[in-house]
Amino acid sequence: MKTRAKAIPDVGPITAAQEFVGRSPGRFAWERLRRDRTAIVTGSMLAAFLVIALAAPLIELLYGIGPHEQFQHELDSFGMPLGVAGGISGEHWFGLEPGLGRDIFIRMVYGLRTSLVIAISAATITTTLGVVAGVVAGYLGRWSDTVIGWLIDFALAMPFLIVALAVAPTVALRFYDERDEVPAEFQAIVLVTIFAVFGWAGTARLVRGQVISLREREFVDAARASGAGVGHILFRELLPNLWAPILVSYSLAVPAYITAEAALSFLGIGMLEPTPDFGRMIDRSLGYLQTDPAYVFFPGITIFAVVFAFNLFGDALRDALDPRSSRSPLP
Amino acid sequence: MTRFLLRRSLLAILTLFAVSVLTFLMFFVLPRDPVSGMCPKNCNPERLERVRRELGLSDPKIDQYLAYMKGIFVGRDLGSAQGGHCDAPCLGYSYVNNEPVSETIARVLPVTLSIVIPAAILWLGLGIGLGMVSALRQGTWVDRVAIGFSLTGASLQLYFVGGVLLLVFTYQLGIAPVPHYTPLLENPADWAGGLVLAWLALAFLFSAIYARLSRAQMVETLSEDFVRTARAKGLPNSQVYGRHALRAAITPLVTIAGIDIGAALGGTVITEITFGLQGLGRTAVGAVHAGDLPMIMATVLVAAFFIVVANIAVDLLYAAIDPRVRL
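Those sequence lines, one after another, are chains Y and R. Just so you know, the first sequence maps onto residues 1 to 331 in my numbering. Just so you know, the second sequence maps onto residues 332 to 658 in my numbering.
Shown next, in the form of structure tokens:
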């Protein structure tokens, strides 16, 4: 990504007339974003998903069915839901799970909550860690750059899925007995930690590159010459020039973690039963592929919609923040 | 060049060393008794103790690590219960499978290779081809279809696509057989038939990403001065696109492709689980659920090895394609 001349902070016009209102790069970006139809549509979709996730208990109240309630009497003797397409009815909007007879709609509402909470916290933590590591390595250079650079290579060389696979159950056994039920919060913390250990490296590499190209610029020299400390240069001079790439990488990290969390849960090492989760639902549904094909479609299409909206929004955000680097395939 | 190779290889060895120490610590320091995991529930204490001694689990941790590393490079004796002497790439002995780990790896690795290599050829060809075509036909319906394809593919989950493919082609239409693995040399047609759905699923999702990236790269390259120069000196379009622009546009993709393929060779976990193919990834998952520590350790190391080697290969390829890069 190229850096641009917006490095110079907005000091306002000196000779222009007073009524001229100076607009910051952020203001420009916001206006571009508001004019982008894709951004508006996907942004509203994301807002809706967030509201659903946050208001899950309220939805449960209105819907009248909890995520753990079982409706065994609405299943046939083979455990398959009665009625069309997996038991879709006015009472059960998306039908029932075969076997346990839980309501799919309310489990998806709660599943969205699980997914978004984990993905957003993981993205926030990894971005913060990555920015700090990248700024330190890029600006201080020398041995800190060598050490952090090697740590980045190392973190990227670890086979993420397989290490996660190996670590997640081991950590749970460190704190809980084999027969104990591992609480959902604990499992969520383990997942976020695993994501943090591996995920910071990508952001760190991006930020490091940006900092290296910025640190030789005049405004940094000027700050240094006027006696600014390292902290001031890093956080008041450099960081404001980095927020565009950071924001974009953050907005693309969230869907990546949604996918990763669902994948781990699909493999049986992420969120465990009975916590509602997309990955687990799809894993269960694959067993009923021939007998109840409707079951796989609801969670599969929902997670697709969420990730799709996030990806498109991330692209739109990139275009808005940096119109010159308009590399998105959107015309 | 030699210096570069030497430096990269040293760094790679250092990385692999760190991976091995880390995985070793993870499994042997955490207070999970590896022996009880290897032994069925009715194991008596004497037998447990004997197994522990044979595995050398009562030795100091550092000795255990050194013995393990020695086994990888020169082989080591594991004791009669573990099949006696274990030859050079010795990765320990799996009590769950009752065979040396290296034998299991040698058996499952061809499955993963058979999934990844044809799929990678498919996804690179399809992805880059689609990206190029849509870059050259910007704004037409071809471009729009390609964009829609890549945006959709980039957001889909492999296990969902896999499930849908199985449902449609195997269960409903009955065109594709139930996924299975037959060695290529034994029966090439059966080999391809058993893996075709896995290739399609992987190729669809990955080519979406490559279509997106290569389109962006090509669009950028087409606006560069050297492309205009090539046109200005009267070269036909096929030369301009095929020789000049393509080469420049494809270079950044090499890095991504190398890393993706390296990671996939270490185990296409989700593909293998979805289609029920016993490759490295599914073996790793099985080992985790069975608590088979030597097996877990080996799969992590093999996967890390592929990633590290892929990284070096990428740098070399990069230098070969891009004349501006000097090693």
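Cβ coordinates follow ideal geometry from the N, Cα and C atoms, glycine included. A quick note: this is a predicted structure, and the numbers were derived from the prediction, not measured.
Reduced DSSP category for residue i - H, G, I as helix; E, B as strand; rest coil
i: Tyr-424(R); result: strand
i: Gln-395(R); result: helix
i: His-68(Y); result: coil
i: His-416(R); result: strand
i: Ala-5(Y); result: Bear in mind that the predicted position of Ala-5(Y) carries a pLDDT of just 47, short of 50, making it unreliable; the figure below should be weighed with that in mind. Of the three classes helix, strand and coil, the one that applies to Ala-5(Y) here is helix, per DSSP.
i: Asp-623(R); result: coil
i: Glu-97(Y); result: coil
i: Leu-515(R); result: coil
i: Ser-328(Y); result: Only weak support exists for where Ser-328(Y) lies, its pLDDT of 42 falling under 50; the coordinates are left without a value.
i: Leu-140(Y); result: helix
i: Asp-408(R); result: strand
i: Arg-468(R); result: coil
i: Glu-430(R); result: strand
i: Asp-145(Y); result: helix
i: Leu-566(R); result: coil
i: Asp-292(Y); result: coil
i: Asp-76(Y); result: coil
i: Pro-81(Y); result: strand
i: Asp-36(Y); result: coil
i: Arg-217(Y); result: coil
i: Asp-180(Y); result: coil
i: Asp-646(R); result: helix
i: Asp-103(Y); result: strand
Same chain, Cβ closer than 7 Å to residue i, neighbours up to 5 away in sequence not counted
i: Leu-455(R); result: Tyr-541, Ala-588
i: Ile-120(Y); result: Val-254
i: Phe-195(Y); result: Ala-122, Thr-126, Tyr-257, Ala-260
i: Val-619(R); result: Ile-627
i: Ser-265(Y); result: Met-271, Asp-277, Gly-279, Arg-280
i: Pro-169(Y); result: Ile-269
i: Arg-468(R); result: Asp-474
Status (buried if at least 16 other CB within 10 Å, exposed otherwise) for residue i
i: Phe-637(R); result: buried
i: Asp-408(R); result: exposed
i: Ala-281(R); result: For chain R, the structure presents residues 332 to 658; residue 281(R) sits outside this window and is missing.
i: Ala-218(Y); result: Note that residue 218(Y) is Glu in the sequence shown here, rather than Ala. Glu-218(Y) should be labelled exposed.
i: Glu-377(R); result: exposed
i: Asn-294(R); result: Only positions 332 to 658 of chain R appear in the structure, and residue 294(R) is not among them; the question remains open.
i: Leu-336(R); result: exposed
i: Pro-508(R); result: exposed
i: Asp-319(Y); result: buried
i: Trp-200(Y); result: buried
i: Ala-659(R); result: A question about residue 659(R) goes unanswered here, because the residues of chain R that appear run from 332 up to 658.
i: Leu-341(R); result: exposed
i: Gln-332(Y); result: For chain Y, the structure presents residues 1 to 331; residue 332(Y) sits outside this window and is missing.
i: Phe-78(Y); result: exposed
i: Leu-112(Y); result: buried
i: Gly-134(Y); result: buried
Cβ neighbours of residue i in the same chain (closer than 6 Å, five flanking residues each side left out)
i: Val-296(Y); result: Ser-285
i: Glu-603(R); result: Gly-610, Gly-612, Arg-613
i: Arg-339(R); result: Ile-643
Own chain, CB closer than 8 Å to residue i, minus 5 neighbours either side, in chain order
i: Leu-584(R); result: Ile-459, Tyr-541, Leu-544, Ser-545, Gln-548
i: Val-473(R); result: Val-464, Ser-465
i: Ser-328(Y); result: With a pLDDT of 42 at Ser-328(Y), under the threshold of 50, the modelled position of this residue cannot be trusted; read the value that follows with caution. These residues qualify, in order along the chain: Asp-315, Ala-316, Arg-318, Asp-319.
Closest residue to residue i among the options (Cα-Cα distance)
i: Ala-594(R); options: Leu-58(Y), Ile-152(Y), Ile-162(Y); result: Ile-162(Y)
i: Phe-105(Y); options: Met-158(Y), Pro-67(Y), Phe-304(Y), Asn-241(Y); result: Pro-67(Y)
i: Gly-524(R); options: Tyr-424(R), Ile-601(R), Ile-506(R), Val-499(R); result: Ile-506(R)
i: Thr-114(Y); options: Ala-316(Y), Ala-201(Y), Met-281(Y); result: Met-281(Y)
i: Pro-293(Y); options: Thr-346(R), Arg-384(R), Leu-497(R), Arg-574(R); result: Leu-497(R)
i: Phe-198(Y); options: Val-207(Y), Val-211(Y), Ala-157(Y), Arg-208(Y); result: Ala-157(Y)
i: Asp-153(Y); options: Pro-567(R), Ile-652(R), Val-350(R); result: Val-350(R)
i: Leu-61(Y); options: Tyr-110(Y), Gly-26(Y), Phe-78(Y), Phe-71(Y); result: Tyr-110(Y)
i: Thr-605(R); options: Ala-532(R), Ala-485(R), Ile-448(R), Ala-634(R); result: Ala-532(R)
i: Gly-597(R); options: Val-439(R), Leu-353(R), Val-432(R), Glu-434(R); result: Val-439(R)
i: Glu-97(Y); options: Leu-116(Y), His-73(Y), Val-117(Y), Ile-118(Y); result: His-73(Y)
i: Asn-311(Y); options: Trp-150(Y), Ala-262(Y), Ser-249(Y); result: Ser-249(Y)
Item to check | Members of the region 159–171 of chain Y that neighbour chain R once the beta carbon cut-off is set at 9 Å | outcome: Pro-159, Phe-160, Leu-161, Ile-162, Val-163, Leu-165, Ala-166, Val-167, Ala-168, Pro-169, Thr-170, Val-171
Item to check | Interface positions of the region 497–524 of chain R facing chain Y (Cβ-Cβ less than 7 Å), listed along the chain | outcome: Leu-497, Leu-498, Tyr-502
Item to check | Short-range partners of chain R found in the region 262–293 of chain Y, where Cβ spacing is below 9 Å | outcome: Ala-262, Ala-263, Phe-266, Leu-267, Gly-268, Ile-269, Phe-278, Gly-279, Ile-282, Asp-283, Ser-285, Leu-286, Leu-289, Gln-290, Pro-293
Next on the checklist: Against chain Y, which members of the region 486–497 of chain R pass a CB distance test of less than 9 Å?
Outcome noted: Ser-486, Leu-487, Gln-488, Leu-489, Tyr-490, Phe-491, Val-492, Gly-493, Gly-494, Val-495, Leu-497
Checklist entry - Going along the region 612–628 of chain R in order, which residues come within less than 7 Å of chain Y, judged by CB to CB distance? => result Ala-615, Val-616, Val-619, Ile-627
Item to check | Residues of the region 57–76 of chain Y whose Cβ lies closer than 8 Å to any Cβ of chain R, in chain order | outcome: none
Item to check | Residues from the region 432–461 of chain R in contact with chain Y, defined by Cβ distance under 7 Å | outcome: none
Checklist entry - Listed from N- to C-terminal order along the chain, which residues in the region 310–321 of chain Y have their beta-carbon within a distance smaller than 9 Å of any beta-carbon of chain R? => result Phe-310, Asn-311, Leu-312, Asp-315
Checklist entry - Using a Cβ cut-off of 8 Å, which residues of the region 593–611 of chain R contact any Cβ in chain Y, in chain order? => result Ala-594, Gly-597, Gly-598, Val-600, Ile-601, Ile-604, Thr-605
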